[in-house]
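Novice: Here it is: the structure, laid out below.
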DNA sequence: CCCCTCTCCTGATCGC
DNA sequence: TGCGATCAGGAGAGGG
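Numbering (the numbering used here), first residue to last: 1281 to 1567.
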């Protein structure tokens, strides 16, 4: 599933091949991929790619005054000059003959031409304006994020998955960050100390960085790079997908629970539920 | 405003 | 063998 490291890997791949290229033709298959695009992809024909932007899990092709926003959803892939594949939802042709396919099995992804709105010094597509900065954004300020989180009267895992608080984290890296910080996924955000939250976000940032270095997590083959290759971070996952296996820190059997309707894997010994402020899990601090 | 649940979708897997 | 049920999950819509 594409989260920040996977989307950033895709962004880099697209930037390598498409900067300066002009779109000469577009073709879409089915209505779902353009469900937020009232005029389909036609508005971007003729646009020249001046940059590929990203915030959290959203990315966009920058044409100067206009953008093409892309969200990969659960299974979206961009593939450059690929062989014929199932589930192709859009096909984009560039002036140098490069062919870009948007492939998406589960159809949660979409493409949408969009206008920009100013966000301080930056410009961000309107569809992305409500999305918070992600942990790799230089302008993401940790103390502000900790305060915002501390004010939430809901479970910490919900907050990590809430893209309007901090973006880019999905189910895999939420579980990894909570494990690293020794925090139970169902602990209430407001019950955690500022120190715990600071550790949590530092660990989250660290795991995102390490996953990016590995080219992302190709846990179930729904994510690959623009050339079809896998990422390797699945080999380094310490929580996600490890239900019933021994904790890599203490040996206790990893358990599964459901938070926010999402499967959540945690160590019952290292990640203690916070009844109230000040209770650390046994693993916290061991980084 | 805040928080929660439901919904969209396909393919893999499981039990009968 | 085959078939129905279940699960996976990002984020937008809508409800309380």
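Beta carbons: idealized from backbone N, C-alpha and C, even for Gly.
Going by CA-CA distance only, name the one from 1551, 1499, 1344 and 1383 that's closest to residue 1521.
Specialist: Selected option, being the one with the closest Cα: 1499.
Novice: Report the three-state DSSP secondary structure of residue 1404 (helix, strand or coil).
Specialist: Correct three-state label for residue 1404: strand.
Novice: Does the stretch 1379 to 1392 touch the stretch 1341 to 1354, meaning 3 or more C-beta pairs lie closer than 8 Å?
Specialist: Yes: at least three Cβ pairs fall under 8 Å.
Novice: Tell me where the beta strand (DSSP E) around residue 1393 begins and ends.
Specialist: 1390 to 1399 is the span of the beta strand (DSSP E), which, as asked, contains residue 1393.
Novice: Using DSSP with H/G/I as helix, E/B as strand and the rest coil, what is residue 1296?
Specialist: Residue 1296 falls in the helix class under three-state DSSP.
Novice: So, at 6 Å on beta carbons, what are the nonlocal neighbours of residue 1483 in its own chain, with the 5 sequence-adjacent residues on each side left out?
Specialist: These residues qualify, in order along the chain: 1457, 1460 and 1461.
Novice: Could you give the distance in angstroms between the alpha-carbon of residue 1518 and the alpha-carbon of residue 1528?
Specialist: Looking at the two C-alpha atoms, the distance is approximately 7 Å.
Novice: Nearest CA to the CA of residue 1533: which residue from 1542, 1369 and 1546?
Specialist: Closest by alpha carbon: 1546.
Novice: The alpha helix (DSSP H) spanning residue 1324 covers which residue range?
Specialist: First-last for residue 1324: undefined, no H or E at that position.
Novice: CA-CA distance, residue 1550 and residue 1465?
Specialist: Each residue's alpha carbon lies about 12 Å from the other.
Novice: According to the neighbour-count rule (16 or more other Cβ atoms, all chains shown, within 10 Å of its Cβ), is residue 1330 buried or exposed?
Specialist: Flag for residue 1330 reads exposed.
Novice: Hey, out of 1403, 1503 and 1469, whose CA is closest to residue 1343's CA?
Specialist: Measuring from the Cα of residue 1343, the nearest candidate turns out to be 1403.
Novice: Select from 1508, 1505 and 1449 the residue whose C-alpha is nearest the C-alpha of residue 1335.
Specialist: With distances taken between Cα atoms, residue 1335 lies closest to 1449.
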